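S.K.: Residues in the sequence shown are numbered consecutively from 0, following numbering that gives the first Met the number 0. Glycine residues also receive a C-beta, built at the ideal position from the N, C-alpha and C atoms. In this text, all values refer to a predicted model and were calculated from it rather than measured experimentally. Quick one: the structure is below, questions incoming.
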Amino acid sequence: MHTLGFVLFQNRDSLGSIVLLSALHSSCRTEAPVCCELRGNVTSMPEPLQQCAAWLSAYFCEPSRTKQLPLPPFHHPMLLQDSFTKEVLWTLLREVKFGEAISYQQLAERAGNSRAARAVGGAMRNNPIAIIIPCHRVICSSGQIGNYGGGILMKEWLLSHEKLQKEKLSD
């Protein structure tokens with residue numbers, strides 16, 4: 000097994016992680032099935048971090064379960080202040096579902112400013128809760144994948160993961 004990536008969550012007293020493992024080599028990572036290992040003592044963490052760990056674990060291992068789980072609470076100042084970035088991130092979270100994609104321009108329109116595609120890119124770059132607020136689902140109007148803070152390979156993998164899982168659920 001090869002490590003595809005990992006997600007860390009922590010508080011002052013403890014650290015937990017979800018390690019994503021793939022049986023395929025790096026050249027095939029976007030098609031790689033993944034298995035998850037939850038590491039660390041999650042039960043000793045505060046309830047919000049336990050919810051975060053449960054949601055992320057479900058996203059990677061059993062995506063159909065994410066609909067039944069509550070979203071982890073969001074306490075980041077960027078998500079609480081009155082700004083276009085906040086509006087973009089909440090619009091993305093509410094309206095772009097698992098396995099879907101939207102362009103920067105379309106998201107700008109839905110967030111209330113059709114001329115703010117570049118500002119949407121800035122909001123994606125500053126997203127404090129990537130994956131849960133799915134900035135990987137935002138692509139260029141041309142259909143190109145666009146940038147991603149976790150790297151292009153990770154964005155490709157996330158989009159592929161969602162597409163494959165959505166197809167499995169619809170069969």
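Measure the beta-carbon distance from residue 100 to residue 157 and round it to whole angstroms, keeping in mind my assumption that it falls under 8 Å.
M.R.: Actually they are not in contact, since the Cβ atoms of residue 100 and residue 157 sit about 11 Å apart, beyond 8 Å.
S.K.: By the DSSP assignment, the alpha helix (DSSP H) with residue 56 in it spans what residues?
M.R.: For residue 56, the enclosing alpha helix (DSSP H) begins and ends at 46-60.
S.K.: Roughly how many whole angstroms lie between the Cα atoms of residue 83 and residue 97?
M.R.: Each residue's CA atom was taken as its position, placing residue 83 and residue 97 some 23 Å apart.
S.K.: Check whether the Cβ of residue 105 lies closer than 7 Å to any Cβ atom in chain B.
M.R.: Among the protein chains of the structure shown there is no chain B, as only one such chain exists.
S.K.: Per DSSP, what kind of secondary structure is residue 102 in: helix, strand or coil?
M.R.: strand
S.K.: Can you give the beta carbon distance from residue 75 to residue 128, rounded, assuming they're within the 8 Å contact cut?
M.R.: 7 Å
S.K.: For residue 162, collect the residues of the same chain with a Cβ closer than 7 Å to its Cβ; drop the 5 residues on either side in sequence, then sort them by chain order.
M.R.: For residue 162, where only same-chain residues beyond five positions count, the Cβ hits under 7 Å are 98.
S.K.: From what residue to what residue does the alpha helix (DSSP H) around residue 83 run?
M.R.: 83-94
S.K.: Determine whether the beta carbon atoms of residue 173 and residue 95 lie at a separation below 7 Å.
M.R.: With the chain covering 0 to 170 only, the question about residue 173 has no answer from this structure.
S.K.: For residue 117, report the span of its alpha helix (DSSP H) as first-last.
M.R.: 116-124
S.K.: Would you decide whether residue 154 is buried or exposed? Buried here means 16 or more other CB atoms lie within 10 Å of its CB.
M.R.: buried
S.K.: Whole angstroms are fine: how far does the CA of residue 120 sit from the CA of residue 171?
M.R.: Missing from the structure shown is residue 171; the chain here goes from 0 to 170 and no further.
S.K.: For a test of the three-state rule: what should DSSP assign to residue 107, helix, strand or coil?
M.R.: helix
S.K.: Would DSSP call residue 128 helix, strand or coil?
M.R.: It is coil, neither helix nor strand.
S.K.: Tell me the DSSP bridge mates of residue 138?
M.R.: 102
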